[in-house]
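S.K.: Here you go, one structure.
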Amino acid sequence: MILRRNEPDTVVVDQPNVVFDVDRLSVNYGDFQAVRDVTLKVQEKRITALIGPSGCGKTTVLRCFNRMNDLIPTARVEGTILYHGVDLYDRQVDPVEVRRRIGMVFQKPNPFPKSIYENVAFGPRVGGFRGKMDDLVEESLRKSALWDEVKDKLRDSAMALSGGQQQRLCIARAIAVEPDVILMDEPCSSLDPVATQRIEDLMQELVADYTIIIVTHNMQQAARVSDRTAFFTVEVGENGQRTGVLVEYDRTEKVFTNPSQPRTEAYVTGRFG
Amino acid sequence: MGLYRPDLGTEISLGGGAATEAVRRILHGRQRDVRGLAFQSALLLTLLMSLAIMVTLMAQIGATGWRVFAERGTDFLTSPMSSLASRAGVWQGLVGSLMLMVFVVVIAFPLGIGAAVYLEEYAPDNRRTRFIAANIRNLAGVPSIVYGLLGLAIFVLVLRPITGGLTVVSGGLTLAVLVLPIVIITASEALRAVPGSIREAGYAVGASQWQVIRSHVLPAAAPGILTGTILSLARALGETAPLILVGAVTGFFFQSSGNLLARLHGPYTTLPTIVYTWSRQPGEEFRHLTAAAILALIMVIVVVNVLAIYLRNRFQRTW
């Protein structure tokens, strides 16, 4: 049983496992230190939100979890991230395998310029899926609440879908490779409120099967959907460099109603943002 | 308001007809944009001048050369070279040009596209890579006759056992090397134009670099790559100086109708070389023939360009 926010008298029975154990994570882009000394543990099958003002390094931290920062030549990652006990940045770890277990949905929907079917089928195919692709595509599209809208036009271009549909397609694409974790980088920031609501509802369904980490600018969204929240902010160094730091990480309820840190309180009450 | 625009405040606040009149006065009262018009006219003039030059050239050539087609029709296209103007035709040039194009396609396209993919997708962005890229750009600007000298030295002389010396093989290799930098540059541009978000999406579902390139980057870049490579083909069709240096025949010769291997090791000529040859022959008749050969060359280049546009449209589906 999981503690649900709308059933306040339900009791937590199980202690969730730790999926990511982050210890003193710092990321530099060349000479610029984007974020430093982040330490937190991400729980399995929960939604963890990373919130904070612009430039505080939330997206940088998120991209560390699936080694996407590898794609940026000047990026340097220090500290450790243990994924189920394994150091993600160990030399022998293959980033391609990491990304098959830890998927990502981006801020701006980025479907491949191909058919809807191809978008979902690509990941499993390159991952060596040998079963019935049609079934996998259908299941992924059902799970991301898109099947009914596209079942008759699977061969049509994904670019013809609306923004909200494209984002759900990107979620279906991420689910199709059967990951362990789904990372979401401000998935609703380019969507209208109705589409946003659908994606938030979707997250609540998906969390039964997947660990979700979401970066969001929208505090209300974090308060609505997440189980735990990490609040980041920007600290200005002596040389004027703006570096992100983790201020507080706790149950969402606590962070938003009774935060321990004054900076957290200032942010969530809107005194700065 | 009021510093450089008339202050409408009082008039608009009156409401009704006076306000409408005041606003109309402002909205309609714009002075004629003299500078803008002059600029636009100057640009139009440059366009017309460019067109006029081309039209004049084409008219001049057409007027001189149409007679040949009118009198002899396709016979002109199927006859071999001859010292008799009334019997000379461009057939050998068509064949020679075609064979050279095959070399360019088979050698320069795969090498060029492959090099571009490596430079854009795999090579790290450091000084060495930038140096190599700058050199390739410079090579694209080297005068074509220098490539002729290169071809002469290497393909004709040093590699004579393989190429047979002054043959189509040497000519084809020379043209392929000439065109290679252009293929690399246009393919690089096309690859660079593929948005990074598509690559990120590919990586995020656990594809390797090769899978992302093969399944998403190359198909997205294909229309641009195709256009660039076929246009470089059209450029190669018109090359004359380097081919003369590596052995395209500028006299008339008898093409043995032997097998392909014999043809590859025998004498050859190309359309532009024929134009050059005929332009140096005395006599009125050869003026007409030269113009007609130019027309034939232009027709071939137009066909190649149309092919480029057709193929690009076919690849560029409405994604």
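Residue numbers (my numbering), protein chains in the order written: chain A, 75 to 347; chain B, 165 to 483. Using N, Cα and C, we set each Cβ at its ideal position, and we do this for glycine too.
To which residues does DSSP link residue 303 (chain A) through a beta bridge?
M.R.: According to DSSP, residue 303 (chain A) bridges with A:123, A:324.
S.K.: Return the CA-CA distance between residue 207 (chain A) and residue 343 (chain A), expressed in angstroms with no decimal places.
M.R.: Computed Cα separation, rounded: 48 Å.
S.K.: Would you call residue 78 (chain A) buried or exposed, if buried means 16 or more other Cβ atoms sit within 10 Å of its Cβ?
M.R.: No answer about residue 78 (chain A) holds up, because its pLDDT of 46 lies below 50 and its placement is not dependable.
S.K.: Indicate whether at least one CB of chain B lies closer than 9 Å to the CB of residue 140 (chain A).
M.R.: Chain B, which has a Cβ nearer than 9 Å to the Cβ of residue 140 (chain A), makes this yes.
S.K.: Cα-Cα, which of A:253, A:247, A:277 is closest to residue 260 (chain A)?
M.R.: Residue A:277 is the option with its Cα nearest to residue 260 (chain A).
S.K.: Inspect the beta-carbon positions of residue 211 (chain B) and residue 281 (chain B) and report whether they are closer than 9 Å.
M.R.: It is not a contact, given that the beta carbons lie outside the stated cut-off.
S.K.: Counting C-beta neighbours from all protein chains within 10 Å, is the total for residue 323 (chain A) 16 or more, i.e. buried, or is it exposed?
M.R.: Flag for residue 323 (chain A) reads buried.
S.K.: How many Å lie between residue 271 (chain A) and residue 195 (chain A) at the Cα?
M.R.: Cα-Cα distance, rounded: 26 Å.
S.K.: Grouping DSSP H, G and I as helix and E and B as strand, with all else coil, what is residue 132 (chain A)?
M.R.: Three-state result, residue 132 (chain A): helix.
S.K.: Using beta-carbon positions only, say whether residue 278 (chain B) and residue 346 (chain B) come within less than 9 Å of one another.
M.R.: Cβ atoms of residue 278 (chain B) and residue 346 (chain B): not closer than 9 Å.
S.K.: Who are the neighbours of residue 147 (chain A) on chain B, taking C-beta pairs under 8 Å?
M.R.: Going along chain B in sequence order, the residues near residue 147 (chain A) (Cβ under 8 Å) are 288, 289.
S.K.: Can you look up residue 160 (chain A) in the DSSP assignment and give me helix, strand or coil?
M.R.: Looking at residue 160 (chain A) - three-state DSSP - the assignment turns out to be strand.
S.K.: How many angstroms separate the CA atom of residue 265 (chain A) from the CA atom of residue 467 (chain B)?
M.R.: Roughly 47 Å between the two C-alpha positions.
S.K.: Closest to residue 126 (chain A) by C-alpha separation, out of A:325, A:303, A:137, A:104, would be which residue?
M.R.: Nearest of A:325, A:303, A:137, A:104 to residue 126 (chain A), Cα basis: A:303.
S.K.: Check the Cβ of residue 379 (chain B) against every Cβ in chain A and list those closer than 7 Å, keeping chain order.
M.R.: Neighbours of residue 379 (chain B) on chain A, chain order: 196.
S.K.: Run down chain A in chain order and give the residues with a C-beta less than 7 Å from the C-beta of residue 285 (chain B).
M.R.: Within chain A, no residue comes near residue 285 (chain B); the closest Cβ sits about 12 Å away, beyond 7 Å.
S.K.: Under 8 Å, with one C-beta from each stretch per pair, do the region 248–258 of chain B and the region 447–464 of chain B reach the 3-pair mark?
M.R.: Short answer: they touch.
S.K.: What does residue 99 (chain A) pair with, by DSSP beta-bridge criteria?
M.R.: Paired residue(s): A:112.
S.K.: Under the rule that 16 or more other beta-carbon atoms within 10 Å means buried, what is residue 143 (chain A), buried or exposed?
M.R.: Buried, because 16 or more other Cβ atoms sit within 10 Å of the Cβ of residue 143 (chain A).
S.K.: Under a Cβ-count criterion, where at least 16 other Cβ atoms within 10 Å of its own Cβ denotes burial, should residue 187 (chain B) be classed as buried or exposed?
M.R.: Answer is exposed; the Cβ neighbour count stays below 16.
S.K.: Using the beta-carbon of each residue, which ones in chain A are nearer than 7 Å to residue 282 (chain B)?
M.R.: In chain order: nothing, as chain A lies at least about 16 Å away.
S.K.: Shorter than 9 Å from the beta carbon of residue 370 (chain B) to some beta carbon of chain A?
M.R.: Yes, residue 370 (chain B) counts as interfacial toward chain A.
S.K.: Looking at the unbroken alpha helix (DSSP H) that takes in residue 263 (chain B), where does it start and where does it end?
M.R.: Segment 255–267, the alpha helix (DSSP H) holding residue 263 (chain B).
S.K.: Within 10 Å of its beta-carbon, does residue 245 (chain A) have 16 or more other beta-carbons around it, so buried, or fewer, so exposed?
M.R.: So residue 245 (chain A) counts as buried.
S.K.: Give the residues of chain B in contact with residue 174 (chain A), contact being defined as C-beta atoms less than 8 Å apart.
M.R.: By Cβ distance, chain B contributes 369, 370.
S.K.: Taking DSSP as the reference, what is the three-state secondary structure of residue 350 (chain A)?
M.R.: Nothing can be reported for residue 350 (chain A), as the shown portion of chain A is limited to 75 through 347.
S.K.: How far does the alpha helix (DSSP H) with residue 463 (chain B) in it extend, from its first residue to its last?
M.R.: Its alpha helix (DSSP H) spans residues 448–479.
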